[in-house]
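Here our numbering is used: the sequence shown runs in plain steps of one and ends on residue 591. The C-beta atom is built at its ideal place from N, Cα and C for all residues, glycine as well.
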Amino acid sequence: MDRVRIAPVIAVAGSRGKTSVVRAVESIFREAGYRVASWTDQGVDIEGKSQRGEIGPWARALTSLSAGGLDVAIQELDWATVATLGASLKRFPVIAITNLCANNESCLISPEMFRARRSLDRLRANSLQSARLILNADDYAVVKENELESAERFLVGMNPDSPLLRHHVDNKGAACWIDGSEIVLYQNQQSKPVIDLRWLKWTRNGSIPFAVQTALLATAIARGCGLPLELIASGLVAHEPKPELMPGAFNMFRLGSSQIVVDRPMPPWFLKRTLRAAASLGTGRQIHVTGPMYEIDTHELFAIGRLLGRGDSVMIIHGDWTDDRLGLIRRGAAANTVPPIVLQAVSERSAIEQGIGMLRSGDVLLVLAEDAVAAVRVVARRVRRQTSLNQPAAGTA
């Protein structure tokens, strides 16, 4: 970055998982002793302190970056923001792209994703020639070649034998992948182990695929910025996801012998992987809390209902639904061989409380929160209360 006199501002774009990647990268840089600012959908943080407002604090952060008061800045970009940036995309020396459609054909032909694909093309075509593009090779639309793209590619993927990743490596490109339980870096035609996933508690020993992809992307970003492997490994180990800083992510809470996950509504192609990850957390029932999901297209609700109603599950539906949308999600749930129990609650808070009250050993409660911030607070408060009740009084045996 110093060589080409570009301010060290890292961009993280994609459909899902952006904030998780930003927080993991923050952890690496902080562990390495760097002063960091970040801008996510939760606002601007400067050296770990939340700021009031967004435009003003971010302008101050960039000024401080230029003056030497900060070392690195990380900016989360949604597709709508990318579409407005144009030539200013050239200010990013490192750009990471988490995903687009998870290789789902229905997603790729949707109007929303058509606009997202145009933004993705714009991002790659307008990046600096000297920039590094960190791309998720497990999402084929992300890694697809673009004739206008001139930046250096750095690919990450779960499997080194995937055709796209193998082709990239055969052409001497830098890459990151998983070998057994280890993150492996390939650069300058040499492969080196970075860290064993069993050291990263937030990946649940590597059992949560999108957490592993977060670790891969964070590793590639940090390495793309020139950080040594030892510092990258230390930063990944030190990373501790905080639900209040990314309430719309896959936030996990333990309540006794049960698990609670707070995420947000999502289309079926992303919901599938979220449900698989939630199912891996327990051996009991899956309890799903969902509201009206206003931002999800009506025609997707049947598929969502079917996914939420699979297995030994319970659905708790809350909020104000239109008859057609409620009918679709109910019919989707009923289409399963063994339909789920479907309950209704007045509000999201009451639905969460109802779900918590139903938990037995090994159960998992997944909340697709309309108001993720409030949902995280409700769950965290309940967990703290339960923890304090379970602690023995001072002096007891």
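Distance between beta carbons of residue j and residue i, contact taken as under 8 Å
i	j	result
residue 330	residue 291	6 Å
residue 335	residue 404	Incorrect: roughly 17 Å between the Cβ atoms, too far for contact.
residue 239	residue 231	7 Å
residue 569	residue 456	5 Å
residue 524	residue 499	6 Å
residue 577	residue 447	5 Å
residue 359	residue 368	With a Cβ gap of about 11 Å, residue 359 and residue 368 do not count as contacting.
Chain-order list of residues whose beta-carbon lies under 6 Å from that of residue i (same chain, five-residue window excluded)
i	result
residue 241	229
residue 364	none
residue 371	351, 354, 378
residue 252	233, 238
residue 522	495, 496
Minimum C-alpha distance to residue i - residue among the options
i	options	result
residue 391	297, 352, 289	352
residue 277	317, 389, 435	317
residue 296	215, 214, 460	460
residue 217	233, 208, 202	233
residue 416	452, 450, 266, 533	266
residue 439	210, 202, 237	237
residue 552	480, 575, 214, 522	480
residue 535	583, 508, 396, 381	508
residue 529	423, 396, 495, 274	495
residue 314	280, 298, 287, 299	280
residue 466	503, 583, 488, 454	503
residue 270	215, 373, 574, 450	215
residue 273	298, 263, 212, 442	212
residue 545	441, 497, 483	483
residue 462	262, 246, 298	298
residue 567	445, 311, 532	445
residue 489	501, 506, 515, 477	515
Contact set for residue i: own chain, Cβ-Cβ below 8 Å, skip 5 residues either direction
i	result
residue 513	485, 486, 541, 542, 564
residue 345	289, 318, 321, 322, 323, 324, 325, 326, 327
Cβ neighbour criterion (16 or more within 10 Å) applied to residue i
i	result
residue 493	exposed
residue 592	The displayed coordinates of the chain run from 195 to 591. Any statement about residue 592 would go beyond what the structure contains.
residue 342	exposed
residue 150	Any answer about residue 150 is impossible in this case: the structure gives the chain only from 195 up to 591.
residue 249	exposed
The ligand ATP heavy atom lying under 7 Å from the CB of residue i
i	result
residue 437	The ligand ATP is not among the ligands present in this structure, which contains no ligands whatsoever.
Validate contact between the segment 428-437 and the segment 547-561 using beta carbons, cut 8 Å, 3 pairs: Too few Cβ pairs lie closer than 8 Å, so no.
Closer than 8 Å is the cut-off here; do at least three beta carbon pairs connect the segment 212-225 with the segment 406-416? These segments touch.
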